[in-house]
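Numbering (this note's numbering), first residue to last: 2 to 221. By construction, the Cβ of each residue, glycine as well, lies at the ideal position given by its N, Cα and C atoms.
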């Protein structure tokens with residue numbers, strides 16, 4: 002009985018954050034590191050999205066500015082590229098150990114394929130917006146989350162490419178959301194918008210204005 006009493010938690014407690022994790026993910030002295038990471042990840046997303054949007058290669062290096070194919074959107078044949086991608090993924094969904102799991106293949110076949118045009122716009126503008134958000138440091142944690150979400154879907158569809166690298170870096174950016182955009186627009190946006198547990202700057206200012214009035218009313 003004594004052993005049970007010792008092992009049984011007496012109350013709900015918080016496990017303190019290790020000093021190293023706090024230094025890496027919450028100390029502004031490390032903001033420069035996440036600036037470099039987010040610029041790289043944002044560059045990869047933005048160039049991929051612009052290529053889908055325009056049909057031209059925007060990545061630095063060989064082939065920069067050259068036509069790489071048809072745009073995914075505003076082309077009169079929206080969805081053809083997505084259809085080809087989905088059909089390639091479905092071809093990987095057979096066999097005892099398929100690269101594309103059956104449940105995800107069903108999602109591709111019954112949800113994505115019939116709505117290929119819609120998903121072409123979602124992927125194209127999703128990549129552009131994630132890239133811009135990371136490069137400018139605007140809502141960095143949210144941009145990184147949606148980037149990781151797209152990486153996960155590409156991986157589930159059997160497309161490895163650079164997705165594991167971008168997905169891993171995106172997860173680190175999510176952990177460092179407090180400082181990842183410190184050298185960017187988040188230095189203005191985060192104090193202004195606040196968090197669900199602190200409220201926005203406007204709500205905090207409104208609360209500060211009402212406190213003296215409530216104190217004065219209570220003194221009568």
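query: Residue from 191, 196, 185 with nearest C-alpha to residue 43; result: 185
query: Straight-line gap, residue 127 to residue 104 (C-alpha atoms, nearest Å); result: 24 Å
query: Start and end residues, alpha helix (DSSP H) containing residue 83; result: 81-91
query: Cα-Cα separation, residue 158 to residue 123; result: 16 Å
query: In DSSP terms, what residue 68 is bridged to; result: 57
query: Three CB pairs or more closer than 8 Å across the region 166-177 and the region 24-37; result: yes
query: Segment contact flag, the region 93-109 with the region 147-162, C-beta cutoff 8 Å, min 3 pairs; result: yes
query: Euclidean distance between Cα positions of residue 117 and residue 131; result: 21 Å
query: Cβ-based neighbour list, residue 84, same chain, cut-off 8 Å, excluding 5 preceding and 5 following; result: 114, 117
query: Residues sharing a beta bridge with residue 200, DSSP; result: 196
query: Three-state secondary structure (DSSP) of residue 112; result: helix
query: Straight-line gap, residue 168 to residue 153 (C-alpha atoms, nearest Å); result: 7 Å
query: Residue 261 - DSSP class collapsed to helix/strand/coil; result: Shown here, the chain extends from 2 to 221; a query on residue 261 therefore has no answer.
query: Proximal residues to residue 49 (C-beta, below 6 Å), its chain only, five neighbours per side dropped; result: 128
query: Residue 187, DSSP secondary structure in three states; result: helix
query: Inter-residue spacing [alpha-carbon to alpha-carbon] between residue 29 and residue 145; result: 18 Å
query: Expected contact under 8 Å - CB spacing of residue 187 and residue 138 to nearest Å; result: 5 Å
query: heavy atom of the ligand COA below 6 Å from residue 207 C-beta; result: As for the ligand COA, it is missing from this structure, which has no ligand bound.
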